[in-house]
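Chemist: So that we are looking at the same thing, I have put the structure below in structure tokens.
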Amino acid sequence: MCTCSGDREIVDGACACAGDQDFTNGKCVPKCFWTHNNVGYECFWTDPSKASLALNNDCEISSPSALDNYVADKRTNKYDEILGDPVISLTATNQDGSAGVTQKATWREYLLTPTTLENKVTFDTFGVFDLEMTATDYSGVATCSGCVAIVDKYPPTAETKCQTTEANTLSTAASYTDGKLAEAITQESRFAAFYSDDNVKNNGGANDRCDDVTAEMQDFFASSASTLASDDNRCFDDDFVTQLLDKTSGGTNLLASATQSELDGLQCTRCCSKSLTLK
């Protein structure tokens with residue numbers, strides 16, 4: 001007859017503890033859950049000046065209390081700081097699959113100033129992280145598991161606000177002059193400056209934005225507008241006239257081949273529309 005040690009039972013042909021227990025140091029013990037009010041933690045990132053958040057100082061999360069006769073009898077062993085054990089370690093692992101980071105302290109260090117170890121655990125991006133505390137003495141190991149969600153609470157914010165174009169100017173075409181072209185170039189440059197990284201405050205862990213963007217242009221002789229590949233594509237620049245001549249039918253230089261009356265009847269428009277909402 002097969003039997004299991006440490007209060008375990010045979011489950012599916014293998015020795016196992018009950019569902020709410022772990023097999024630790026040769027016996028079944030209750031699982032340790034690192035939680036707050038029986039749920040995981042949330043940590044709100046609200047300060048865009050911070051490059052990372054510390055577990056205790058910023059997230060206000062304290063690690064579980066580790067108890068052991070190694071600490072209780074107040075021993076201070078000479079080689080604790082250079083040995084791999086006995087130590088207290090804290091690990092944070094992003095659930096996106098990236099490698100976890102583990103920080104360690106001696107039992108004595110942890111007993112005296114637990115926040116020192118806690119604040120070595122930092123988060124430089126958003127997501128859900130598994131937390132694990134491991135306490136190792138000379139004879140066994142105990143673990144306690146939890147999780148924390150690092151939540152973005154500071155949306156991208158422009159320091160210099162966007163100057164919206166008046167609706168009644170959008171349908172009115174301006175006849176070409178050097179001055180009008182320069183004005184269009186300036187307005188488009190202001191639009192680009194609005195969403196540039198230099199103008200947008202964002203959380204340190206949220207360098208990648210997901211702005212809502214529309215950008216389209218009706219180009220000279222085209223009958224309708226087409227979507228631009230990027231809002232960074234410029235509609236107006238110093239090559240405007242060259243681009244116009246390149247768009248003429250068959251590449252013919254109309255200034256050399258057309259009559260004055262034909263030239264007077266020619267009209268074309270470059271119309272550009274862009275909008276962007278920071279996200």
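Numbering of the sequence shown is given in the UniProt record's numbering, commencing with residue 1 and proceeding in unit increments.
Don't be surprised by glycine CBs; every beta carbon is placed ideally from N, CA and C.
Every value quoted in this text rests on a predicted model; they were computed, and no experiment measured them.
#1: In three-state DSSP terms, what is Phe194?
#2: Straight-line CA distance for Asp22 to Ser49?
#3: With Tyr41 as the anchor, note down where its beta strand (DSSP E) starts and where it stops.
#4: Would you grab the beta carbon distance between Gly146 and Gly40 for me? Rounded to a whole angstrom, and I think it's under 8 Å.
#5: Put Ser230 into one of helix, strand or coil per three-state DSSP.
#6: Pull the bridge partners of Gly146 from the DSSP assignment, please.
#7: Kindly indicate which three-state DSSP category Glu9 falls into: helix, strand or coil?
#8: Which residues share a DSSP beta bridge with Ser273?
#9: Quick one: measure Cβ to Cβ for residue 335 and Gly204, integer angstroms, because I've assumed they're closer than 8 Å.
#10: How is Thr160 classed by DSSP in three states: helix, strand or coil?
#11: Using the DSSP secondary-structure output, state which residues sit across from Val121 in a beta bridge.
#12: Would you call the CB atoms of Ala225 and Glu216 closer than 7 Å?
#13: My understanding is that Val87 touches Thr46, with C-beta atoms under 8 Å, so please give their C-beta distance in whole angstroms.
#14: In angstroms, rounded to a whole number, what distance separates the CA positions of Leu90 and Pro155?
#15: If I'm right that Cys17 touches Ile10 with Cβ under 8 Å, what's the distance once you round it to whole angstroms?
#16: Three Cβ pairs or more, each shorter than 8 Å: is that satisfied between the segment 107 to 123 and the segment 59 to 68?
#17: For Asn199, tell me which candidate among Pro114, Ala158 and Asp212 has the shortest Cα-Cα distance.
#18: Using CA coordinates, which residue listed in Cys144, Asn202, Thr227 and Lys201 is at the minimum distance from Leu67?
#19: Whole angstroms is fine: what's the gap from Met133's alpha carbon to Cys32's?
#20: Taking buried to mean at least 16 other C-beta atoms within 10 Å of its own C-beta, is Ser63 buried or exposed?
#21: Below 8 Å on the Cβ atoms is my guess for Asp238 versus Ala192; work out the distance and round it to an integer in Å.
#22: Starting from Asp22, trace the beta strand (DSSP E) both ways and give me its first and last residue.
#23: Roughly how many whole angstroms lie between the Cα atoms of Tyr176 and Ala258?
#24: What do you reckon, are the CB atoms on Asp212 and Thr277 nearer than 7 Å?
#25: My understanding is that Phe220 touches Leu244, with C-beta atoms under 8 Å, so please give their C-beta distance in whole angstroms.
#26: Could you tell me the boundaries of the beta strand (DSSP E) in which Gln243 lies?
Modeler: The answer reads as follows:
#1: Correct three-state label for Phe194: helix.
#2: Taken atom to atom, the span from the alpha-carbon of Asp22 to that of Ser49 is near 42 Å.
#3: First-last of the beta strand (DSSP E) with Tyr41: Tyr41 to Trp45.
#4: Gly146 to Gly40, Cβ: 6 Å. Contact.
#5: In the structure shown, Ser230 sits in coil (DSSP, three-state: anything other than H, G, I, E or B).
#6: Under the DSSP definition of a beta bridge, Gly146 partners with Trp34 and Leu131.
#7: It is a strand residue.
#8: Partner(s): Glu216.
#9: Nothing about residue 335 can be reported from this structure: the residues present for the chain run from 1 to 279 only.
#10: Under the three-state reduction of DSSP, Thr160 is assigned to coil, being neither helix nor strand.
#11: Beta-bridge pairing links Val121 to no other residue.
#12: Pairing Ala225 with Glu216 gives a Cβ-Cβ distance under 7 Å.
#13: Wrong, their Cβ atoms sit about 33 Å apart, outside the cutoff.
#14: Leu90 and Pro155: Cα-Cα distance of roughly 30 Å.
#15: Contact between Cys17 and Ile10 is absent: CB atoms are separated by about 12 Å, not below the 8 Å threshold.
#16: Touching, yes.
#17: Nearest option by C-alpha distance: Ala158.
#18: Of Cys144, Asn202, Thr227 and Lys201, the residue nearest in Cα terms is Cys144.
#19: Cα to Cα, Met133 sits roughly 10 Å from Cys32.
#20: With 16 or more neighbouring CB atoms inside 10 Å of its own CB, Ser63 falls in the buried class.
#21: The Cβ separation is near 16 Å, so there is no contact.
#22: Unbroken beta strand (DSSP E) run through Asp22: Gln21 to Thr24.
#23: For Tyr176 and Ala258, the distance between alpha carbons rounds to 20 Å.
#24: A contact, by the Cβ cut-off of 7 Å.
#25: Under the criterion of beta carbons closer than 8 Å, Phe220 and Leu244 qualify as touching, at roughly 6 Å.
#26: Annotation: Gln243 is outside any beta strand (DSSP E); the continuous alpha helix (DSSP H) that includes it extends over Phe240 to Asp246.
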